[in-house]
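Beneath this line is the structure, given in structure tokens, with notes to follow.
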Amino acid sequence: MYGLLVTQIAIHLVVTDPDQAATWYADALGARETSRLTLPDGRTLTVELLLGDTALAVAGELPDLGMRAPAALGGTSAALHVRVPDVDAAWARAMEAGATVFEPVHDAFWGDRTGQLLDPFGHRWALDQHVRDVPQEEIAARAAELFDGSVTA
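Per the working numbering, the sequence shown starts with residue 1, numbered consecutively.
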């Protein structure tokens with residue numbers, strides 16, 4: 001077993017247009033640009049952003065290298081969760097900036113007010129606000145109740 005200590009993870013998203021994506025993540029999620037790599041022909045290769053204390057890089061598609069945006073792959077299977085102090089305000093900001101609803105904001109059984117959205121580049125984000133502490137036994141009971149086998153894929 002490796003003794004790898006991970007204290008932070010950086011996110012690298014492939015998008016159709018890194019310039020537009022950087023602007024969207026700044027406007028909708030409050031990210032701030034920290035650096036940009038531009039190719040000699042003027043195209044942006046990568047824009048690095050800081051979202052809270054998380055490094056977020058957005059890069060344009062390079063299909064020949066296997067780097068494709070979610071639409072080219074039929075969607076995304078991952079959701080990036082962002083803790084926010086006011087989920088309703090953050091949600092409204094993202095919707096105004098052009099996000100689409102994946103799962104509406106609701107009070108979840110595990111104690112968060114949460115909702116999931118798709119950004120204009122096909123990546124799924126969950127905005128989460130912790131609203132109450134819930135005992136693990138209650139979470140397990142509610143999960144068992146909700147996922148009693150009647151949910152099908």
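Every residue gets a Cβ at the ideal spot worked out from N, C-alpha and C, and that includes glycine.
Everything numeric in this text was worked out from a predicted model, so none of it was measured.
Take the Cβ of residue i as the centre, count every other Cβ of all protein chains shown within 10 Å, and call the residue buried at 16 or more, exposed below.
{"i": "Arg132", "result": "exposed"}
{"i": "Arg43", "result": "exposed"}
{"i": "Gln129", "result": "buried"}
{"i": "Ala153", "result": "At Ala153, the pLDDT of 44 sits below 50, so the modelled position is not reliable and the matter cannot be decided from this model."}
{"i": "Ala99", "result": "buried"}
{"i": "His123", "result": "buried"}
{"i": "Arg32", "result": "exposed"}
{"i": "Leu62", "result": "exposed"}
{"i": "Leu146", "result": "exposed"}
{"i": "Leu29", "result": "buried"}
{"i": "His12", "result": "exposed"}
{"i": "Leu127", "result": "buried"}
Under 9 Å between the Cβ atoms of residue i and residue j?
{"i": "Val101", "j": "Leu118", "result": "yes"}
{"i": "Phe121", "j": "Val58", "result": "yes"}
{"i": "Gly115", "j": "Val87", "result": "yes"}
{"i": "Ala10", "j": "Leu45", "result": "no"}
{"i": "Gln8", "j": "Asp53", "result": "yes"}
{"i": "Phe109", "j": "Glu138", "result": "yes"}
Can you name the start and end residues of the alpha helix (DSSP H) that residue i belongs to?
{"i": "Arg142", "result": "Gln136 to Leu146"}
{"i": "Leu29", "result": "Pro18 to Leu29"}
Discussion item. Using 8 Å as the cut-off, can you tell me whether the region 15-22 makes contact with the region 58-73, which would need three or more C-beta pairs spanning the two stretches below that distance?
Written reply: yes
Worksheet item: Quick check: the region 29-37 against the region 73-80, are there 3 or more CB pairs under 8 Å?
Response: With the cut-off at 8 Å, the region 29-37 and the region 73-80 do not touch.
Worksheet item: Counting Cβ pairs closer than 8 Å, one from the region 47-60 and one from the region 18-34, do we hit at least three?
Response: For the pair of segments examined, the region 47-60 was found to touch the region 18-34: the number of CB pairs separated by less than 8 Å reaches three.
Fill in: Secondary structure, beta strand (DSSP E): runs of 3+ residues fully inside the region 58-93
79-83
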